[in-house]
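As numbered in mature numbering (1 follows the signal peptide of the UniProt record, and there is no 0), residues -32 to -1, 1 to 440 make up the sequence shown, in order. Below: the structure, in structure tokens.
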Amino acid sequence: MALAVSSLPYPSLTLLLLAVVVVLLLLDASKPRDFPPGPSWLPVVGAYPQLRRLVKKYGFLHDVWRVLAAQYGPVVGVRLGRNRVVVASGLVAVREVLKHADFDGRPDGFFFRLRCFGERLGIVFTEGDHWQEQRRFSQRLLRRPDVEAHVAEEAAELVAALRAQAATARPVPMCRAFDVSVLNVLWARLDGRRFRRDDARLDSLLHTLHDCFRETDVSGGLLNQMPFLRFVAPGRCGYTSTLRNLRTLWGFLGETVAEHKQQTLEPGKPRGLIDAFLEEMKLTGREGSNFSEKQLLSLLLDLFMAGAETTSNTLGFCVMFLLQHPDVQRRAQDELDRVVGRERDPSLEDRDQLLYLEAVLMETQRLGNIAPVGVPHRAVRNAKIMEFVVPKDTIVLANLMSVHMDRDHWGDPESFRPERFLDETGSLKPPSKYFIPFGVGMSSILPSQGDLGKCKFPIRFKLGIFASYPYR
């Protein structure tokens, strides 16, 4: 006759429950079969405590991925909170992630939905038909023929601002010198207008964008791994600052969209993406359409983050490298003098002849590694990277930095050497599979490499007029 649990003595019941808990915890800490090697897991929190210690030791998460790849191999598996994460390093593993449809998903979770009103919206963290539709729409509007005119106008404004600052004989901090120019190029395509440099909103907006970019962990971070912490320690898990920054951006973008809705628009002649999106909302104004006001705000937020911050940082890194390598700066200026001369400003039509300067900018992207792991992926089904099994819904990160810093291919990856992109005749070499600053396929969101090429134009203006020197 079976013994009912309720008839067990209290100590025995306690021991039974304790044994069940221990078994569940052991199961929770076990890894799936053939899962990639990596740090051991703890129940509930996974490998998060170890990774936090490594971040404190090495500085940045992408440095931790480098250390773990050296220890465990090109494919590393961890669990952060409840999320399984696989990091692919080296060209072979990275290309498997970027090329295979098995990894065309985007991660889902509290953090990714928090920034989009609790839904899966925008363009960066969406997938499938929604992503395809919104990407086509965005690129059609962003690749307008007047982009070059906007870039040239902002480059001229930047030079004027630098002249004014240089006249004061005070050092000019270049780390954020391009912020307004890059933001204006993007904003002209979104809103149809540009910010004045004395606009009171600019400081707050740029500060918020910098905070968002700096605090964003593409794997979702602690807030995504253990969202319950927002009730226990909202400040420590990043919930307070994330929500504050999102509300600031939502407020600004919401006010802008409201202005456009109140204005009378000429059908078929949108001033920018916002007008075109509002027109599309009227045409497809049905329940369940991908063109909604929440989607518009989420799309604008994604474009702000993917466009303005990454491009501005790239240009800032370029100036830093030129300061560190005056010989490179002199050679680039000599090329500008030879191709453009001193009688006119550079134009985008000169780009095909400014090959050394193009190599400088490519080397900046390679060594600067603005987005070291790119946009996160999700396994849409059980899949494999090399010989390792990646279960469905695992977050997958392609470590682009590991490709750009591959010593076997580049020889001296830590050196800033633009000549590596040129052949013996001074022409650009064919595109290298080891140069993937924006990823490929689903990883290449916005801006495209061509779009960024236009935004590099302020560097050409600056080099043609100024020489940069480090402040001592």
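Just so it is clear, CB atoms sit at the ideal spot from N, CA and C, and this is done for glycine as well.
In the structure shown, PHE272 adopts helical secondary structure according to DSSP, grouped into three states. Counting only the Cα atoms, ASP76 lies some 23 Å from VAL32. One Cα belongs to LYS25, the other to PRO17, and the distance between them is close to 13 Å.
In this structure, DSSP gives ALA351 an extended state, which the three-state scheme calls strand.
Cβ neighbours of MET369 within its own chain (closer than 6 Å, five residues either side excluded): HIS30, ASN337, PRO340.
Checking the DSSP bridge columns, you'll see ALA56 partnered with VAL43, ALA366. Residue range 356 to 358 is occupied by the beta strand (DSSP E) that includes PHE356.
In this structure GLN292 is exposed. Its beta-carbon is surrounded by fewer than 16 other beta-carbon atoms within 10 angstroms. Residue pairing from DSSP places ASN51 in a beta bridge opposite LEU48. When the Cα atoms are used, ASN152 and ASP114 turn out to be separated by approximately 13 Å. DSSP places HIS175 in the uninterrupted alpha helix (DSSP H) bounded by 169 to 183.
Taken in chain order, the complete alpha helix (DSSP H) segments of 4 residues or longer contained in the stretch 63 to 136 are 78 to 82, 96 to 110, 115 to 134. When rounded, the separation of the alpha-carbon atoms in GLU382 and LEU304 is 27 Å.
Checking the DSSP bridge columns, you'll see HIS345 partnered with VAL364. For ARG319, there is no enclosing alpha helix (DSSP H), as DSSP marks it with neither H nor E. Measuring C-alpha to C-alpha distances from LEU48 to each of TYR402, GLY394, ILE363, MET273 identifies ILE363 as the nearest. LEU329 and VAL55 have their C-alpha atoms roughly 27 Å apart.
Taken atom to atom, the span from the alpha-carbon of ALA(-4) to that of VAL(-10) is near 10 Å. About 6 Å separates the Cβ atoms of LEU269 and LEU217, confirming a contact at the 8 Å cut-off. Counting along the chain, the unbroken alpha helix (DSSP H) around ASN281 starts and ends at 278 to 292. Going by beta carbons, ARG111 and PHE93 fall outside the 8 Å limit. Apart from sequence neighbours up to five positions away, the residues of its chain that approach ASP159 with a beta-carbon distance below 7 Å are THR224, GLY240, ILE242, ordered along the chain. Between the stretch 138 to 155 and the stretch 196 to 209 there are fewer than three C-beta pairs closer than 8 Å, too few to call the two in contact. At a Cβ-Cβ threshold of 8 Å, VAL358 and ALA366 do not count as neighbours. DSSP places LEU(-20) in the helix class (H, G or I) of the three-state scheme. GLY14 and TYR40 do not touch by the CB rule: their CB atoms are close to 16 Å apart, not below 8 Å. Contact between the stretch 383 to 390 and the stretch 285 to 299 is present, with at least three C-beta pairs closer than 8 Å.
When beta bridges are read from the DSSP output, LEU396 appears opposite LEU390. For the stretch 197 to 277, the continuous alpha helix (DSSP H) assignments of 4+ residues that do not extend past its boundaries occur at 197 to 200, 207 to 230, 241 to 251, 261 to 271, in sequence order. Residue pairing by DSSP places LEU10 opposite GLY14 in a beta bridge. One thing to note: ASP171 has its Cβ no nearer than 8 Å to the Cβ of ASN213. Using a Cβ distance threshold of 8 Å, LYS352 and GLU87 do not count as a contacting pair. Taking all protein chains shown into account, ASP97 has fewer than 16 neighbouring C-beta atoms within 10 Å of its C-beta and is therefore exposed. Following the DSSP letters along the chain, one finds ALA339 in no alpha helix (DSSP H), marked with neither H nor E. The Cβ atoms of GLU331 and LEU396 do not sit closer than 8 Å to each other. The three-state secondary structure of LYS(-2), taken from DSSP, is coil.
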